[in-house]
Amino acid sequence: MENQNIEKPKKKRPVNSKGNHPKKRRKKKKNSIRNYLPHIIILVLVVLIGIIAIWRLSVWNKGQASEYDPNEDTSQWDVETEDYIVPLLDDKKALQLDDGVETVLILGNDPMAINDDGTGIPDYIRQKTGANVVNASFEHSTIAKKNMQYTEDYLKDAISFAWVCYCIAHHDFLLQKNAVLNMGDSGTAMEKIQNLENLDYSTVDTIVIMYDGKDYEEGLPSASIYDDELPASAAGCLHQGLQYLSLAMPQARVIISSPYYYYVEDPENEDKYVPCTQAIHGEQGGDVNEFKYGNLGEYMIAYKSIAVGDGVSFIDNYFGTVNEDNYATMLKDDNTQLSSDGRDAIGQRIVDFMKM
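In this text, residue positions in the sequence shown follow this note's numbering: the first is 25, and each later residue adds one.
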């Protein structure tokens, strides 16, 4: 019998009820999970973000205890003042005499010169500090001189800050004496000149300078548009005067107390008074004949610029002491002169600066 090639029957793979092989089914399941994995991750992230958002919202709704006090006085933050403090430097302190007495020289015009029954600013400084206060302030005077060269046609220039400081440096007050006599002074101005003549300038510890807005009222320019230090303006004369004071009293600390807010006579209507925020000479913020005029606030800023440049202290009364908000109580009924409250407020500011 010949050998015959008998073909062995192939084993059949078991099939499930659906006719699929089990291995193929497992592969399909694995592929299905992989396909849905990105969606699952995104869903989990969305849920987490939602939980965090709900938690943060609940915390925000609870809030925190507020420290706000509706009754707290916050007026000190309403306006930023232009104060500039320069403490007594060591080189000046070394030059001062240790005589046990603080001597204060005051230069200025009406706010310092007018004394209502012993309640003036110089008296306030004397009472609060116990200092020897020498008052050399002249009523109706200005910082600037009207004419570059003194002439008897305009006697009031002799008592301007510029000329007074010049005479202090040269210790010769004949110019002031003659001018005061010819102006028919009642005696108050002559007393101030005698104070200047009799003062031992080596004993002066502090110089306080305060002028109101007379320069602004009389149309004397605040500064030159080219150079604030030119002596043909109020700022320039302030700088020039400070240089003379430094020569005469190198040991003294200088404090400039600025003009304050008040009402002035309208040059176009003598029966009308306008706030000093208006430019009554020249154009506000502008210039006339190469000089700045503007409102009183611009004069104050020009004075501060000189104070900073010359390294002396500056008190901003225009915004910081007697201003547009409180002038009704700080000024008399005429809204031009300081009331007792206004004098005390300015006096206290000067005292505070002297202690710094």
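Note that CB positions come from ideal geometry on N, CA and C, so glycine has one too.
Give the secondary structure of VAL298 by DSSP, where H, G and I count as helix, E and B as strand, and everything else as coil. strand
List the residues that DSSP assigns as beta-bridge partners of ASN341. DSSP output for ASN341 lists no bridge partner at all.
Taking only three categories from DSSP, how would you classify ASN219? If DSSP states are grouped into helix, strand and coil, ASN219 belongs with the helices.
Which residues does DSSP list as the beta-bridge partners of ASP290? Paired residue(s): ASN293.
According to DSSP, is ASP115 helix, strand or coil? helix
So does the region 127-136 actually touch the region 348-358, counting three or more Cβ pairs closer than 8 Å? no
Assign MET380 to one of two classes, buried (16 or more other C-beta atoms within 10 Å of its C-beta) or exposed (fewer than that). The residue is exposed, with fewer than 16 neighbouring Cβ atoms inside 10 Å.
Report yes if the C-beta distance between ILE339 and ILE149 is below 8 Å; otherwise report no. no
Across which residues does DSSP place THR230 in a beta bridge pair? VAL128, ARG277
On the three-pair Cβ rule with 8 Å, is the region 317-326 touching the region 286-306? yes
CA-to-CA distance, SER184 to ASN156, given in whole angstroms: 24 Å
Please list the terminal residues of the continuous alpha helix (DSSP H) segment that includes VAL188. Per DSSP, VAL188 belongs to the alpha helix (DSSP H) from 185-194.
How would you label THR230, buried or exposed, when you count the other beta carbons within 10 angstroms and need 16 or more for buried? By the neighbour-count rule (16 or more Cβ atoms within 10 Å), THR230 is buried.
Taking 8 Å as the threshold, find out whether the region 255-271 comes into contact with the region 175-195 through three or more Cβ pairs. yes
Which residues does DSSP list as the beta-bridge partners of TYR108? BP columns for TYR108 point to PHE338.
Assign LYS296 to buried or exposed, taking buried as 16 or more other Cβ atoms, counted over all protein chains shown, within 10 Å of its Cβ. exposed
Inter-residue CB distance, ILE192 and LEU269 (contact presumed, cutoff 8 Å): 7 Å
Measure from the alpha carbon of ASP114 to the alpha carbon of each residue in TYR327, ILE167, GLN275, ASP365, then state which is nearest. GLN275
Assuming CYS261 and ILE167 make a contact with CB atoms under 8 Å, what is their CB distance in whole Å? 5 Å
Neighbour-count burial assignment, SER246, 16 or more Cβ in a 10 Å radius: buried
What are the residues that DSSP puts in a beta bridge with ASN156? THR127
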